[in-house]
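Undergrad: Pasting a structure here, questions to come.
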Amino acid sequence: MAVRSSTAGYTFAALRIFQILALLSIFPLLLIFMARIDSIDAVPPYQLLYTLILSIFAMLYIVPTAGLHLCGTPSYTALAVFDAVFSGLFIAASIFLGLPLSRISCREVARLNYNIETLEDVTFPSNSSDIYRAENFGEVKLGHLMLPELGSTYAQMLESAGKFEQWVGRVAGVCRQMKGAWAGCLLLVVLCAGSAVAAVLLRRKVWKIPEFEDEEEKTILEDEAVRMRGGEESERGLLRESIEGIGPCEALVINHEL
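If you read the sequence shown in the UniProt record's numbering, its first letter stands for residue 1, the second for the next number, and so on.
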């Protein structure tokens, strides 16, 4: 259909592909972080839950609508609205993730926190050189972020392990992963806003506002009009032939009607 083969149609399809790729890059980062939190039975922070749930719903929305665009004609009005809504929701996710992450150096996080790979490393007392007690992780300032101490007891450490700031400010690996997820959310803000604009243009094309008229349907209508004119001319020719054998008065009446 001409709607899908227009510039707006190709743009919408390309944006959908980039949105799917962005979501596929975010999912592993969020799930690895979730697995680390689950390993110490801590409560996941709201930043992680919000971004993960939003990404799941976005994938469930984006994939089917991409198929509808390629195989049929969806309601582009609804797509424009929902894409704009998802753009706003990803703005919120970017703010939630970005507030503690902005101006933090993940290399500095590793240096100040003994290069630990997870907060689980501080939960078990040990004399080993690569395991650290929670009391060794006191208050620390990272850029604009001031982290309180993890706590001197296991219960206090578990409470701290449910805070997003403690993970990104103590574990360099999580810091890098969440910066990647943050970048993905920022990218999705732009992509969803772009697809919302493309959907508006496609809606105007479907509604056949003059500058976005459906050329394919216009050609069909023009061909039909030509066929109808040809049929009328044929009928008139037959009528003229039929009056040759009748009287002059009757012929005058028929010619007047023609």
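The C-beta atom is built at its ideal place from N, Cα and C for all residues, glycine as well.
1. For P148, count neighbouring C-beta atoms within 10 Å of its own C-beta (all shown protein chains included) and say buried if the count is 16 or more, exposed if not.
2. Determine the DSSP secondary structure at K205, reduced to helix, strand or coil.
3. Specify whether the stretch 181–190 and the stretch 59–67 touch according to this definition: at least 3 beta carbon pairs, one from each stretch, less than 8 Å apart.
4. Can you look up L142 in the DSSP assignment and give me helix, strand or coil?
5. Considering V85, what are the terminal residues of the alpha helix (DSSP H) in which it resides?
6. By the 10 Å Cβ neighbour count, where 16 or more other Cβ atoms means buried, how is A80 classified, buried or exposed?
7. How would you label S160, buried or exposed, when you count the other beta carbons within 10 angstroms and need 16 or more for buried?
8. For my contact list, L202 and A8 are in at a C-beta cut-off of 8 Å; report their separation, rounded to the angstrom.
9. What distance in whole Å lies between the Cβ atoms of V171 and E117, which are believed to be in contact at a cut-off of 8 Å?
10. Mind checking if E149 is an interface residue toward chain B, Cβ cutoff 9 Å exclusive?
11. Where G194 and M34 are concerned, what is the direct C-alpha to C-alpha distance, given to the nearest angstrom?
12. Does DSSP classify L60 as helix, strand or coil?
13. Skipping 5 residues on each side, what residues in its chain have a beta carbon closer than 7 Å to that of A14?
14. If you drop the 5 nearest sequence neighbours on each side, which residues of the same chain put their C-beta closer than 6 Å to that of S87?
15. Need the endpoints of the alpha helix (DSSP H) that I26 sits in, please.
16. Among residues of its own chain, excluding the 5 on either side of L48, which ones have a beta-carbon nearer than 7 Å to its beta-carbon?
17. DSSP has L147 in a bridge; who is on the other side?
18. Locate the alpha helix (DSSP H) running through E108, then write down its first and last residues.
19. Can you give the beta carbon distance from L97 to C185, rounded, assuming they're within the 8 Å contact cut?
20. Indicate the three-state DSSP secondary structure (helix, strand or coil) for A183 in the structure shown.
21. Counting only the same chain and skipping the five closest in sequence on each side, list residues whose C-beta sits under 6 Å from that of T11.
22. Run through DSSP, which three-state label would G162 get?
23. Based on Cα-Cα distance, which residue from G173, C71, I40 lies nearest to R111?
24. If you compare alpha carbons, which of F82, A42, V63, I37 is closest to A22?
25. CA-CA distance, L89 and G138?
TA: Taking the definition as stated:
1. exposed
2. helix
3. no
4. strand
5. 76–101
6. buried
7. buried
8. 5 Å
9. 7 Å
10. The question asks about chain B, but that chain is absent: this structure has only one protein chain.
11. 30 Å
12. helix
13. none
14. V189, C192, A193
15. 7–39
16. L30, F33, M34, F164
17. V140
18. 106–112
19. 6 Å
20. helix
21. A198
22. coil
23. G173
24. V63
25. 35 Å
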